[in-house]
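Residue numbers (my numbering): 18 to 89. Virtual Cβ for every residue (Gly too), placed ideally from N, Cα, C.
Spelled out as C-alpha cells, the structure:
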C-alpha cells in the first residue's frame, strides 16, 4: 500500500476531487491528510483546481458550488 508521500500529482488531485465530488466539505487539514502535502501545497492545489472546477472555500471549508450556481 502506498503512503501519501508516494502519491503522484495526479493521484493527489484525484483523491481531493473524489472527496469533493461526494459532496463532503474539505478543509486544508483534510486535504493534507489525504495527499501528504503541506498546508501551503494543499492550498495551491485547491486554488488551481478552482480555476477549472466549480469549487470554492467558505469559512475555510472547500466545497462544490450548487449546480444551479454554475454556468456551463
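Please name the residue in the options whose C-alpha comes closest to that of residue i.
{"i": "residue 71", "options": "49, 25, 34", "result": "34"}
Assuming residue i contacts residue j (C-beta within less than 8 angstroms), just tell me the rounded distance between them.
{"i": "residue 24", "j": "residue 53", "result": "6 angstroms"}
{"i": "residue 37", "j": "residue 80", "result": "7 angstroms"}
Flag this pair as yes or no: are the beta carbons of residue i and residue j separated by less than 8 angstroms?
{"i": "residue 43", "j": "residue 56", "result": "no"}
{"i": "residue 65", "j": "residue 48", "result": "no"}
{"i": "residue 39", "j": "residue 62", "result": "no"}
Under the three-state reduction of DSSP, which class applies to residue i: helix, strand or coil?
{"i": "residue 74", "result": "strand"}
In chain order, which continuous runs of the alpha helix (DSSP H) of length 4 or greater are located wholly inside the stretch 34 to 77? 45 to 52, 56 to 67
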